[in-house]
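Residue numbers (our numbering): 4 to 62. Beta carbons are placed, not taken as given, at the ideal position from N, Cα and C, and that holds for glycine.
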Amino acid sequence: MDIDEGKWLYCPKCNEKTRVKVYEQTKMDNFPLFCPWCKTETIVKVENYTVKVINSSQK
């Protein structure tokens, strides 16, 4: 039995690691992903480790 280690989400703007970790079965829709490095909030959709940017706004 393989244990899913998960992956960290990276900011789509600055490409730095955020504080959100996802797993293979994780599904998020309209999730507000905040980057502590560039202070940007991005609305994303996550499914099967695929991240799609829905909307991005500068804080």
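Notebook entry, point to check: What's the gap between the Cα of lysine 30 and the Cα of proline 39?
Noted result: Your numbering for residue 30 matches position 27 in the sequence shown. Your numbering for residue 39 matches position 36 in the sequence shown. Distance between the alpha carbons of lysine 30 and proline 39 is about 22 Å.
Next item on the list: Could you round the C-beta distance between threonine 45 and lysine 16 to whole angstroms and report it? I think they count as a contact, below 8 Å.
Entry: Along the sequence shown, one-based indexing puts residue 45 at 42. Along the sequence shown, one-based indexing puts residue 16 at 13. About 7 Å; that satisfies the 8 Å criterion.
Note to self: Can you look up tryptophan 40 in the DSSP assignment and give me helix, strand or coil?
What the structure shows: Working through the sequence shown from its first residue, we reach residue 40 at position 37. Coil at tryptophan 40, not helix or strand.
Check: Could you check where the beta strand (DSSP E) with threonine 29 kicks off and where it finishes?
Finding: Residue mapping note: residue 29 aligns to position 26 of the sequence shown, counting from 1. No beta strand (DSSP E) holds threonine 29; DSSP gives it neither H nor E.
Check: Under the criterion of a Cβ to heavy atom distance below 8 Å, does threonine 45 qualify as lining the ligand NAD?
Finding: The model on display carries no ligand, and the ligand NAD is accordingly not part of it.
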